[in-house]
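**Student:** Per the working numbering, residue 3 is the first one in the sequence shown, and the count goes up by one each step.
Every residue, glycine too, gets a C-beta built ideally from N, C-alpha and C.
Computed from a predicted structure; not experimentally measured.
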Amino acid sequence: MRRDNYTLSMEQENQGRAAFILAVEDEAAVRSAMVAYLEDRDYRVAGVGSGREALQLCARELPDLVLCDLRMPGMDGLELLSELQGMAPELPVIIVSGVNRMEDAIQALKRGAWDYVTKPILDMEILDRAVRRALERVRLQRENRAHLERQEQLNRRLSAALERLRQDEQAARTLQASLLPPSPARLGPWRFRRRIFTSLYLSGDFVDWFPLGRDRTGFYMADVSGHGTASALVTVMLKTLFERYHQSPGAGEEGLLCSPAATLAALNWDLCRLLDDKYLTIFYGVLDARDDRLVYASGGQFPYPLQAEGERLIRRLDDHDQPVGLFDDAGYREFTVALGRTARLLMVSDGILELLTGDGRESRMEQLIGRLEQAGFDCDRLIGMLQLEQREELPDDIAFLTVQREPGDA
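Next up, the structure:
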């Protein structure tokens, strides 16, 4: 009967259980000497005079180690070794061989014996050292096997967790994508277009736009601190809060969302209560088609949004206040700019700065403006210049939002 699970029990070893050694030797005097010596060394020892007896004993109780003579009547040591290999492949066997039988000992080592000791054994400490080496090797193999089994269990659990995470992230990505507005889109005289490139599976950047009555349109770009799932969940919360503000009483022509400063103040209050370790930067603007103007508030948004007319830069919209969700007493101001008949607003999240060179934010802001001028203030051209669609990895999320008056409304 094959027994593949041969090990020294760690539990028994920790309890001081003596290793069980089987001595197989047809010479009674030699066998008795080995048994007596090993028992004095606190091993539990059994001695038998033939290979058949050894197999019968092993069938009842498998020893921790076997000492085996090579030259025995009936079944010799090599045959016994083969039988033991079939019964318990990892059972350590030490060959006890006469000096003039070295070729047999070498053959036994090739067949799986662990060590050999020559007879006559003039110094029993030689036998003791061979036994201790073999048992220590068994212990190390057992510890290594236990370590590998633990690693395999951990790897299986990790693989299962990663698969669940992948499925969860796929579901979260689908949810997040469903919350983004369709692009391109037209609201009144304004055409909106967005592009978002994520550094991870999910994005902490978010954009949205929506009508506010007949002549006004609201829009925003937000960048949540951090990366990954936690930041992406805040974008879901952000979308939910804006929808709540939109549906609140008095949210029509002169409702909360028509005032960018009041909107950021409300958002800051809510996020300070809801979040402990997250905040966001946000630019929120309201386009008024009646007066051709933009009213906006900025909660730390950088790079600054840009206003252009055609392919000509008009100004940086660099008036701003604190990020949202940091301090519950933060205040926010409103700013107003006039818009021409070919007005264009461009916003890029701060992940773009990681792809630019230069010392400091302002230096990279100027470099971004230079790149946009080369691209004719066209975000798609800038995306092509930076080869964003060809990059396999990005250091941070990058979001683009373009708002442009349609030529037919000029």
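Please classify residue 303: is it buried, with 16 or more other beta-carbons within 10 angstroms of its beta-carbon, or exposed?
**Tutor:** By the 10 Å Cβ count, residue 303 comes out buried.
**Student:** For residue 206 and residue 314, what's the separation of their Cα atoms in angstroms?
**Tutor:** Cα to Cα, the separation comes out at about 31 Å.
**Student:** So, is residue 94 buried or exposed, given that buried needs 16 or more other C-beta atoms within 10 angstroms?
**Tutor:** Buried.
**Student:** Are the CB atoms of residue 74 and residue 99 within a distance shorter than 8 Å?
**Tutor:** The answer is no: Cβ separation not under 8 Å.
**Student:** I need the straight-line Cα distance from residue 229 to residue 201, nearest angstrom please.
**Tutor:** Those two C-alpha atoms are separated by around 8 Å.
**Student:** Of all the options 42, 40, 79 and 383, which has the alpha carbon lying nearest to the alpha carbon of residue 56?
**Tutor:** Nearest C-alpha to residue 56: 79.
**Student:** Is residue 48 helix, strand or coil by DSSP?
**Tutor:** Here residue 48 sits in strand by DSSP.
**Student:** Using 8 Å as the threshold, is the C-beta distance between residue 311 and residue 333 below it?
**Tutor:** Going by C-beta atoms, residue 311 is not nearer than 8 Å to residue 333.
**Student:** Do three or more CB pairs link the stretch 59-76 to the stretch 25-32 at distances below 8 Å?
**Tutor:** Yes: the two stretches touch, three or more of their Cβ pairs being nearer than 8 Å.
**Student:** Is the distance from the Cβ of residue 308 to the Cβ of residue 357 below 8 Å?
**Tutor:** The answer is no: Cβ separation not under 8 Å.
**Student:** Just the C-alpha distance for residue 212 and residue 406, rounded to the nearest angstrom, thanks.
**Tutor:** Using only the alpha carbons, I get a separation of about 15 Å.
**Student:** How big is the Cα-Cα spacing for residue 348 and residue 186?
**Tutor:** Their Cα atoms are separated by approximately 14 Å.
**Student:** If you run the structure through DSSP and keep just helix, strand and coil, what is residue 301?
**Tutor:** Here residue 301 sits in strand by DSSP.
**Student:** Relative to the C-alpha of residue 289, which residue among 109, 322, 258 and 190 is closest?
**Tutor:** When each option's Cα is compared against that of residue 289, the closest is 190.
**Student:** Do residue 238 and residue 226 have their beta-carbon atoms positioned less than 8 Å apart in this structure?
**Tutor:** No, these two residues do not count as a Cβ contact at 8 Å.
**Student:** Is the stretch 117-134 close to the stretch 39-46, with three or more CB pairs under 8 Å?
**Tutor:** At 8 Å Cβ cutoff, the stretches touch.
**Student:** Note down the Cα distance separating residue 400 from residue 91, rounded to an integer number of angstroms.
**Tutor:** If you take the alpha carbons of residue 400 and residue 91, they lie about 59 Å apart.
**Student:** With DSSP as the reference, please indicate the residues paired to residue 213 in a beta bridge.
**Tutor:** Answer by DSSP bridge pairing, in chain order: 219.
**Student:** At what residues does the beta strand (DSSP E) containing residue 70 begin and finish?
**Tutor:** First-last of the beta strand (DSSP E) with residue 70: 67-71.
**Student:** So, at 7 Å on beta carbons, what are the nonlocal neighbours of residue 33 in its own chain, with the 5 sequence-adjacent residues on each side left out?
**Tutor:** Excluding residues within five positions, the ones whose Cβ falls inside 7 Å are 25, 27, 49 and 51.
**Student:** Using only alpha-carbon positions, find the residue among 306, 296 and 386 that is nearest to residue 192.
**Tutor:** Of the candidates 306, 296 and 386, the one whose C-alpha sits nearest the C-alpha of residue 192 is 296.
**Student:** Between the C-alpha atoms of residue 244 and residue 258, what's the straight-line distance to the nearest angstrom?
**Tutor:** Distance between the alpha carbons of residue 244 and residue 258: 10 Å.
**Student:** To the nearest angstrom, how far is it from the Cα of residue 165 to the Cα of residue 320?
**Tutor:** Roughly 44 Å separates the two Cα atoms.
**Student:** May I ask you to report which of helix, strand or coil DSSP gives residue 356?
**Tutor:** The answer is helix: DSSP assigns residue 356 an H, G or I state.
**Student:** Can you give the beta carbon distance from residue 224 to residue 282, rounded, assuming they're within the 8 Å contact cut?
**Tutor:** Right, their Cβ atoms sit about 5 Å apart.
**Student:** Alpha carbon to alpha carbon, how far is residue 287 from residue 214? Give it in angstroms, no decimals.
**Tutor:** For residue 214 and residue 287, the distance between alpha carbons rounds to 11 Å.
**Student:** In three-state terms, what does DSSP make of residue 199?
**Tutor:** Residue state, collapsed to three classes: strand.
**Student:** In the stretch 245-333, which residue ranges form an unbroken beta strand (DSSP E) of at least 3 residues, counting only runs that do not cross its ends?
**Tutor:** Correct list: 282-290, 295-301, 308-311 and 314-318.
**Student:** Measure the CB-CB distance between residue 324 and residue 360 and report whether it falls below 8 Å.
**Tutor:** Cβ distance not < 8 Å, so residue 324 and residue 360 don't count as in contact.
**Student:** Using 8 Å as the threshold, is the C-beta distance between residue 54 and residue 77 below it?
**Tutor:** It is a contact, given that the beta carbons lie within the stated cut-off.
**Student:** When you compare each of 353, 381, 22 and 208 to residue 395 by their alpha carbons, which one comes out closest?
**Tutor:** When each option's Cα is compared against that of residue 395, the closest is 353.
**Student:** Can you give me the C-alpha to C-alpha distance between residue 173 and residue 163, rounded to a whole angstrom?
**Tutor:** Going from the Cα of residue 173 to the Cα of residue 163 covers about 15 Å.
**Student:** Roughly how many whole angstroms lie between the Cα atoms of residue 176 and residue 345?
**Tutor:** Using only the alpha carbons, I get a separation of about 33 Å.
**Student:** Could you please give the first and the last residue of the uninterrupted alpha helix (DSSP H) stretch that includes residue 36?
**Tutor:** Residue 36 -> alpha helix (DSSP H) spans 30-42.
**Student:** Mapping the DSSP letters down to three states, classify residue 96 as helix, strand or coil.
**Tutor:** It is a strand residue.
**Student:** Leaving aside the five residues before and after residue 81 along the sequence, list all residues of the same chain whose C-beta is less than 7 Å from its C-beta, in chain order.
**Tutor:** Counting only Cβ-Cβ distances below 7 Å, and skipping sequence neighbours, we find 53.
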